[in-house]
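Input: a single structure, listed below in structure tokens.
Number of protein chains: 2
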Amino acid sequence: MAHQPRRTLRRAPKADETLTRPRKRPATQGTDEQRPPISLDGLTSLAGYLIRQAQLWVFEDFNGTLAPLDIRPAQYSILVVVRDNPGLSQMALSEVLGISRSGIIPPLDELQSRGLLERLPTSDRRTHALHLTAAGTALLALADSLVQQHERRLMDKVGSRGHQQLLQVLEVFGRNR
Amino acid sequence: MAHQPRRTLRRAPKADETLTRPRKRPATQGTDEQRPPISLDGLTSLAGYLIRQAQLWVFEDFNGTLAPLDIRPAQYSILVVVRDNPGLSQMALSEVLGISRSGIIPPLDELQSRGLLERLPTSDRRTHALHLTAAGTALLALADSLVQQHERRLMDKVGSRGHQQLLQVLEVFGRNR
DNA sequence: TATTGTTATACTCTATAACTATA
DNA sequence: TATAGTTATAGAGTATAACAATA
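In the order they appear, the protein sequences are chains A and B.
By full-length UniProt numbering, the letter at position 82 of the first sequence is numbered 82, and the numbering carries on one by one without gaps.
By full-length UniProt numbering, the letter at position 156 of the second sequence is numbered 156, and the numbering carries on one by one without gaps.
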């Protein structure tokens, strides 16, 4: 029904990262006894396992880096796609991001309540046209520079050559899912 | 206190995958009108985004492949680590898997209730020694062959060379987090 | 009838804190 | 006091189903 843009104030997200984060091994537990090494070879030989571990690192580092702006990965991806495709509908957005059309609503509500994004009416009164506000555009510019820092840290982790290889090899996962 | 191994029956996990899965674009919505292409360049140039998308594919394919055995990624990783490190404690397991010591309990309970894994008492009566049962060893062997199918599908996706590069480049994320 | 956005609900995963028993 | 395992609780993320407005 193309409701009024809602003003719902959503739960303030924890300023810090809330996503999976690795254990900070508990200070080599008390005495610095050496513990028997645990073999992970059965897992580390699987590319899928390594991808999962890399993704956990990415989210952790991303969240830490963008904590000052209180932007999580999903929010960042929404802001980028809306900036690059102004006026797109919620359906189109949820589709390219691989989220259900109901799942896109909480992050959109939050971004809107923070004044970063707006839902404008269209000729088809069922749909909303998504646009960034001036504040959203400004904040995204800041976020972009932090994301570049994050990306550089990833490059430090895997090497410049490794980073290039990742972009090439994983490109197949980037196209429209 | 090294409780009795619990018999708690845990909620039957949905036999199919329950993790994030991509939208199956709704049949090009009704009429096959061509929709304006949506630019994702702002995201696909980020290695972190591609890693995230790859990881979603991995979980989806993994879950689909291992659905006949009703084994999810976390359960598989537990079975592998316990097989390769028999007798390790829950603390050690949760540490190498990057899960909190309370978070390891639900999957362990489930595996134990399914007769795949047991918690044996040790001289330190606070700790449990984790071991696979015969059934667990047998099921893991089946799982391994399915995981190899999954890994082959990943190789089909990124190419043989790309697969090798992934193992090399991401190896840094595999070591003990 | 089909589609968009929304609400309601449920489930998974993970986190933290408090508790028990052991050391 | 410190540690291992457990319980209780909470939060984020995502899923499905049903609904109203609109096409």
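We treat Cβ as the ideally placed atom computed from N, Cα and C, and that holds for glycine.
Predicted model, so just to flag it, every value in this text is computed and none were measured.
Inter-residue Cα distance where the pair is residue i and residue j
i	j	result
B:Leu170	A:Arg125	48 Å
A:Thr137	B:Ala67	44 Å
A:Thr127	B:Tyr76	43 Å
B:Pro73	B:Leu56	12 Å
A:Ala27	A:Val96	Reliability of the predicted coordinates at A:Ala27 is poor, the pLDDT of 38 falling under 50, and no value is obtained from them.
B:Gly162	A:Ser45	14 Å
B:Gly159	A:Arg175	16 Å
B:Asn85	A:Val81	45 Å
B:His150	A:Thr133	44 Å
A:Leu117	B:Gly87	53 Å
B:Asp41	A:Asp156	23 Å
A:Ala129	A:Arg119	5 Å
B:Ala135	B:Pro107	17 Å
B:Arg21	A:Gly48	With a pLDDT of 36 at B:Arg21, under the threshold of 50, the modelled position of this residue cannot be trusted; read the value that follows with caution. Computed Cα separation, rounded: 16 Å.
residue 233 of chain A	B:Pro121	It is not possible to answer for residue 233 of chain A, since the shown part of chain A is limited to 1 through 177.
A:Ile99	B:Gln164	31 Å
A:Pro36	B:Val172	21 Å
A:Arg69	B:Leu69	Note on residue identity: the sequence assigns Leu, not Arg, to residue 69 of chain A. Cα to Cα, the separation comes out at about 43 Å.
B:Gln53	A:Gly103	17 Å
A:Leu50	B:Leu167	7 Å
B:Pro144	B:Ser39	Looking at the sequence provided, one finds Asp at residue 144 of chain B rather than Pro. B:Asp144 and B:Ser39: Cα-Cα distance of roughly 39 Å.
B:Ile71	A:Leu43	15 Å
B:Asn63	B:Leu146	10 Å
A:Arg6	A:Ser113	Because the pLDDT of A:Arg6 is 36, which lies under 50, any placement of that residue in the model is unreliable, and the question is left without a value.
B:Ala79	B:Leu154	Reading off the sequence, residue 79 of chain B comes out as Leu, not Ala. Going from the Cα of B:Leu79 to the Cα of B:Leu154 covers about 22 Å.
B:His131	B:Arg101	17 Å
A:Glu60	B:Ile105	23 Å
A:Leu139	B:Leu140	49 Å
B:Arg11	B:Val58	With a pLDDT of 35 at B:Arg11, under the threshold of 50, the modelled position of this residue cannot be trusted; read the value that follows with caution. Cα to Cα, the separation comes out at about 24 Å.
B:Asp109	B:Met91	15 Å
Within-9 Å CB hit, residue i to chain A
i	result
B:Val172	yes
B:His131	no
B:Phe62	yes
B:Ser123	no
B:Leu154	yes
B:Leu116	no
B:Gln90	no
B:Arg119	no
B:Leu66	no
B:Ser113	no
B:Ala47	yes
B:Asp70	no
B:Leu56	yes
Neighbour-count burial assignment, residue i, 16 or more Cβ in a 10 Å radius
i	result
A:Leu111	buried
B:Thr65	buried
A:Ser89	buried
A:Gln148	exposed
A:Arg83	buried
B:Leu142	exposed
B:Arg152	exposed
residue 222 of chain A	Because chain A in this structure spans residues 1 to 177, residue 222 of chain A falls outside the shown range and cannot be described.
A:Gly115	exposed
Minimum Cβ-Cβ distance from residue i to chain B less than 9 Å
i	result
A:Gly162	yes
A:Arg52	yes
A:Asp84	yes
A:Pro73	yes
A:Thr44	yes
A:Arg128	It is His, not Arg, that sits at residue 128 of chain A in the sequence shown. Output row for A:His128: interface = no.
A:Val169	yes
A:Ile38	yes
A:Pro26	Only weak support is given to the placement of A:Pro26: the predicted model assigns it a pLDDT of 39, under 50, and the value that follows is read from those uncertain coordinates. Chain B, which has a Cβ nearer than 9 Å to the Cβ of A:Pro26, makes this yes.
A:Glu151	yes
A:Gly136	no
A:Leu166	yes
A:Ser77	yes
A:Asp109	no
Beta strand (DSSP E) segment containing residue i, residue limits
i	result
B:Glu118	Leu117 to Pro121
Going along the chain, which unbroken runs of the beta strand (DSSP E) with 3 or more residues stay wholly within the UniProt domain "HTH marR-type" (40 to 175) of chain A? Fully contained in the UniProt domain "HTH marR-type" (40 to 175) of chain A are the following beta strand (DSSP E) runs of length 3 or more, in chain order: 117 to 121 and 128 to 132.
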